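*Asks:*
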């Protein structure tokens with residue numbers, strides 16, 4: 070079940086992460102990706 074959640078998370082965040090990575094230096098892109106993942110995990114679960 071955790072693997073499915075990680076896959077869903079990655080699919081949902083990938084377009085955002087791609088846009089962030091295109092415009093930021095690598096260290097900032099990694100930081101932004103971590104923040105985006107943390108924010109996504111705090112969203113209420115879909116019902």
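Residue numbers (our numbering): 70 to 116. For each residue, glycine too, the CB sits at the ideal point set by N, CA and C. As the structure is a computational prediction, the values presented were derived from the model and not from experiment.
How far does the alpha helix (DSSP H) with residue 94 in it reach, from first residue to last?
*Replies:* Neither: residue 94 is in no alpha helix (DSSP H) and is coded neither H nor E.
*Asks:* Whole angstroms are fine: how far does the CA of residue 105 sit from the CA of residue 81?
*Replies:* When rounded, the distance between both Cα atoms is 10 Å.
*Asks:* Below 7 Å CB to CB, which residues in the same chain sit around residue 97 once its five sequence neighbours on both sides are set aside?
*Replies:* none
*Asks:* Using the Cα positions of residue 101 and residue 113, report the straight-line distance between them to the nearest angstrom.
*Replies:* 21 Å
*Asks:* By DSSP, does residue 84 sit in helix, in strand, or in coil?
*Replies:* helix
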